Each structure stands twice: as C-alpha cells, then as structure tokens.
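Worksheet for the structure shown next.
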Amino acid sequence: MNIKNTSHKIISIITALLLLFSLSIPILSFAETSNISVYIDNKRVSFQANPYMENDRVMVPMRKIFEELGAAVTWDDDTQSVSAVKGQTTAILAIGLNIMYINGEPNTLDNPPNLVYDTTFVPLRAISEALGCIVEWENDKNRVNITSAPLDNSATVFYQTYTTVPDFGACVGISPVSVLENGTIYNYSKTGLETGAQEKYRLVMTSNGFTVLEKENYYIYTKDSLTVLAGYMGDIFRIVILPL
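Counting in the numbering used here, the sequence shown runs from 59 upward without gaps.
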C-alpha cells in the first residue's frame, strides 16, 4: 500500500465531507472531569490541558497522546485534520467528524475530535487501539492504563472448530472450565483471569478483522459469517460462537 497516496486521498475525502455537510467546527465549553490519569506502560502522562469525559469516553490532547504512543503527527489546517503514522499504520482524523481512517479504512468513533479553546482533544481508547495498544479503564481510580507492546498476530492461536476465531484461553493464558460438545461455547473461571483480559481479547479480535459492538458486560464481534459474544456471566467469562 502507498501510504502517502492513501493519505492524500483521505484528506480529499475529508475536505469533500466538510463542504458537503457545511460542517462548522465546534469550540466546546465544558467542565473538565478532574483526576483522570493516563498511564502508558506504567508511566504517567502529563498533559498541559486536563483530560475529560464525554459520553463515557476519555478525551485527551491530540498531539501529546500521539507522540507519547510513538506516532509522527502532521496537522492540516485547511481541513482541520491530523495524520498520525506509526510503523505501517496511518490514522487520519478531523475535528467534528466521527470517522477515523486507519490505513484508508473508515472506522466510526463514539466521539469526534473536539477543539477546546486552542487544544484538539481525541478519544483515547480509539486512537490507542488504532496504534496497536491495549487499553484498560480502572473506574475506582479514574485511571487509564495503556500497554503499548505490539501485538504479534502470527502468534495468535485459533479455536480448532472455528479456525478464524482467536482462542480466548490461549490469548490470556487460561484453560476453559467447560466446553460445549460442538465447540461453540467456552466457559472460563473469572477468578483465574488477569486484569484487562477482556480488553486484551478485544484487541486481538479487532486486529484479526472482527468489528466490535460494546455492550454493558460483553462485546459482540462480527466477521464474515461469524458472530462471537464475549463477556461475563456471574463468575464465568463466556465465549459463544454463532455462525450465521
């Protein structure tokens, strides 16, 4: 893929969207959520402008977080958009648009980038996962933990019955306590799971081409003719594979 040419095409698309919808770039007034802390590989990130919460998503200053994650950042003032490049990944976002392009593919954002006074804020989870990071939220501490270690897809183990579905137990280092005979339901003990296991599996699934829909206690993953439900049911973490 020619990343440079793709980036130019995406910038053109963003420009067209701005013209088509006559988008006015929002400058927000808000009450900052205090005491939200962000850690990358156990090191706290210091921001000049405080992170805040919007629609249950943590928003952080754009340039600082991209650079902390090791991405090179380019700002396009005409389209109010940013391109961030890390390794083979290019992410492009624009203020006010709830679409992020990852290597040319559009991904819907829960919150679009926002301009607050002179600082552009972006949704932390979305951009971190786009760059191959694992994200965990500690509610009792108002803390976000980001693990920037790259994911090696070549090492992913898949379920024997469904060879395109990553094996949850293999991903987090735990064996199932029970398996339905036809290999569509796998039950794991909650007490044996490491912190952030569900988020780690989410990253593995999305990196293997699954789209994700987040619910209260579980995720719904879809790809081609498969749907996978993954989440907690009491003391059990359950994987349910549903062929369409």
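Where a beta carbon is used, it is the ideal one built from N, C-alpha and C, also for glycine.
Note that the coordinates shown come from a computational prediction; the quantities given were computed from them, not determined experimentally.
From Leu151, Gln218 and Pro119, pick the residue whose C-alpha is nearest to that of Tyr175; which is it?
-> Nearest in C-alpha terms to Tyr175, of all of Leu151, Gln218 and Pro119, is Pro119.
Specify whether the stretch 129-149 and the stretch 225-236 touch according to this definition: at least 3 beta carbon pairs, one from each stretch, less than 8 Å apart.
-> These segments do not touch.
Can you tell me the Cα-Cα spacing of Ile157 and Ile185, whole angstroms?
-> Ile157 and Ile185: Cα-Cα distance of roughly 11 Å.
Would you grab the beta carbon distance between Gly292 and Tyr276 for me? Rounded to a whole angstrom, and I think it's under 8 Å.
-> Going by Cβ atoms, the distance from Gly292 to Tyr276 rounds to 12 Å, so no, they are not a contact pair.
Closest by C-alpha distance to Gly145, when choosing among Thr219, Ile204, Asp198 and Leu189 | Measuring from the Cα of Gly145, the nearest candidate turns out to be Leu189.
Between the CA atoms of Phe179 and Arg318 - distance to the nearest angstrom = There is simply no residue 318 to check, as the chain begins at 59 and stops at 302 in what is shown.
Which residue comes first and which comes last in the beta strand (DSSP E) that contains Thr219?
-> If you look at Thr219, you'll find it isn't in any beta strand (DSSP E); DSSP assigns it neither H nor E.
Identify the continuous beta strand (DSSP E) that holds Ile157 and give its terminal residues.
-> Per DSSP, Ile157 is one residue of the beta strand (DSSP E) stretching across Ile157 to Ile160.
Count the other CB atoms, across all protein chains shown, that sit within 10 Å of the CB of Ala213; report buried if there are 16 or more and exposed otherwise.
-> Taking every protein chain shown into account, the CB of Ala213 has fewer than 16 other CB atoms within 10 angstroms, so this residue is exposed.
If you count every other CB in all the chains shown that lies within 10 Å of the CB of Glu125, and 16 or more means buried, which is it?
-> So Glu125 ends up on the exposed side.
Enumerate, from N- to C-terminal direction, the unbroken beta strand (DSSP E) stretches of 3 or more residues contained entirely within the stretch 163-203.
-> With a minimum length of 3 residues, the continuous beta strand (DSSP E) runs that stay inside the stretch 163-203 are 163-166, 172-174, 177-181 and 192-196.
Assigned secondary structure, Ser265 (DSSP; H/G/I helix, E/B strand, else coil) = Helix.
Under 9 Å between C-beta atoms of Ala142 and Ala149 = A contact, by the Cβ cut-off of 9 Å.
CA-CA distance, Tyr217 and Leu173?
-> Using only the alpha carbons, I get a separation of about 44 Å.
Using alpha carbons as the reference points, say which of Thr137, Thr147 and Gly162 lies closest to Leu155.
-> Looking only at Thr137, Thr147 and Gly162, the smallest Cα-Cα distance to Leu155 is reached by Thr137.
Where do the N-terminal and C-terminal ends of the alpha helix (DSSP H) with Glu239 fall, by residue?
-> Element bounds for Glu239: n/a, residue is neither H nor E.
Spatial distance of Asp282 from Asp168 (CA atoms) = One Cα belongs to Asp282, the other to Asp168, and the distance between them is close to 23 Å.
For Glu112, name the three-state secondary structure that DSSP assigns.
-> Strand.
Among Leu287, Gly162, Thr221 and Ile204, the one whose alpha carbon lies nearest that of Asn100 | Closest by alpha carbon: Ile204.
Secondary structure of Gly128, DSSP reduced to three states | Per DSSP, reduced to three states, the secondary structure at Gly128 is coil, with no helix or strand assignment.
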